[in-house]
Amino acid sequence: MAHLEEVEGIVLYQRKHRERDFLVKIFTKRFGKIMFFVRGAKRPQGEIFQAIQPFTTATFIADIRESGLSFLRGAKEIEQKRDLQLDIFSNAYATYVSALADAAVEDRLPYPSLYHLLVTGLHLIDEGYNPEVISNILEVKFLVVFGVGPNFSACSICGKTKGIFDYSDKYHGILCSEHFLEDPRRLHVDPKAVHLVRLYSVMDLEKIGEISIKKSTQEEIKRLIDHIYDQLVGLSLKSKKFIDNLYKWEDTLRKDD
């Protein structure tokens, strides 16, 4: 059974289907993630063509089916993220966090808080915020959605909330320096990186200011988050591998900046 709806949503990705048609996955605020069939949307000036570009937010007029493919009939209030399409680093991170959100929940499962996080994060990247920092914040916040949610709030043994901390797989969260000996195999990550990841876990993205992080600290944040995802989530996303490869060529890509 089908029903025509106006739904707020953000485009996760599109795939060409035959010569003139597209399959478009949209994360809708009310109905969750839905795959839509879009017929004959090849004209660049066309409203539908503009609305189905990745990372675009819009109010979609949609024929939503209870099973199988749904159909897009139109769109209004279209907001494209043009800067995300122009910068290779911003585009790569936007693609990655969109894929991460897609993997975090099943299709057709409404998840307004995840939707809001993704929309806000992509808006910030488009506005010029450091895409790696915004992506790291989303990665940390998405852990709860994946159902793993390590303890970043306090020492997993004594509950201490201030001081120097490290991350422990054994205790599924952080340890204060007084209990480092309880896990000799703790990650031995830079305490500054642990501090920032703890902040990320509770940070309100809508109130974020400029964040300046040393390269060495950023590398440690990446090591910590990558470790947690490898151990607890187990995803292998092509978009993540692409980002990792990008940094091998970073000096070449940005030599003219």
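Numbering (the UniProt record's numbering), first residue to last: 1 to 257.
Where a beta carbon is used, it is the ideal one built from N, C-alpha and C, also for glycine.
Quantities reported herein were computed from a predicted structural model and do not represent experimental measurements.
At a cut-off of 4 residues, the continuous stretches assigned as alpha helix (DSSP H) that sit fully inside the segment 14 to 86 are 47 to 51 and 82 to 86.
Here the alpha carbons of V202 and T59 stand approximately 30 Å from one another. Burial state of C176 is buried, judged by a 10 Å Cβ sphere holding 16 or more other Cβ atoms. Leaving aside the five residues that flank E220 on each side, the residues in its chain whose CB is nearer than 6 Å to its CB run, in chain order, V189, D190 and A193. Taking C-alpha positions only, D107 is separated from E178 by approximately 44 Å. Residue environment: T57 is assigned as buried (16 or more neighbouring CB atoms within 10 Å of its CB, all protein chains considered). Excluding sequence positions up to five before and after F31, its CB lies within less than 7 Å of the CB of V7, I64, R108 and P110, all in the same chain and listed in chain order. Counting only the Cα atoms, L122 lies some 11 Å from L12.
Assignment of H188 by DSSP, reduced to helix, strand and coil, places it in the coil class. Within the segment 97 to 143, the complete alpha helix (DSSP H) segments of 4 residues or longer fall at 112 to 126, listed in chain order. Put simply, the segment 234 to 253 does not touch the segment 112 to 120. Fewer than three CB pairs are less than 8 Å apart. For I52 and I174, the gap between their C-alpha atoms comes out near 42 Å.
DSSP lists A62 as the beta-bridge partner residues of E5. In the three-state DSSP reduction, S168 falls in the strand class (E or B). DSSP, read as helix, strand or coil, puts L246 in helix.
For L224, the enclosing alpha helix (DSSP H) has its first and last residue at K215 to I228.
In summary, G74 is exposed, with fewer than 16 beta-carbon neighbours lying within 10 Å of its beta-carbon over all protein chains present.
The C-beta distance from A99 to S239 rounds to 5 Å, short enough to fall under 8 Å.
Boundaries cannot be given for L235, as no beta strand (DSSP E) includes it and DSSP labels it neither H nor E. At least 8 Å separates the beta-carbon of L69 from that of F22. Apart from the 5 residues on each side of it in sequence, Q85 sits with its Cβ closer than 7 Å to the Cβ of N91 in its chain, given in chain order.
Setting aside the 5 residues that flank it on each side, I125 is surrounded in the same chain by L84, S90, Y93, A94, P131 and I134, each with a C-beta closer than 7 Å to its C-beta; the list follows chain order.
With a contact defined as Cβ atoms closer than 8 Å, R186 and Y167 qualify at about 6 Å.
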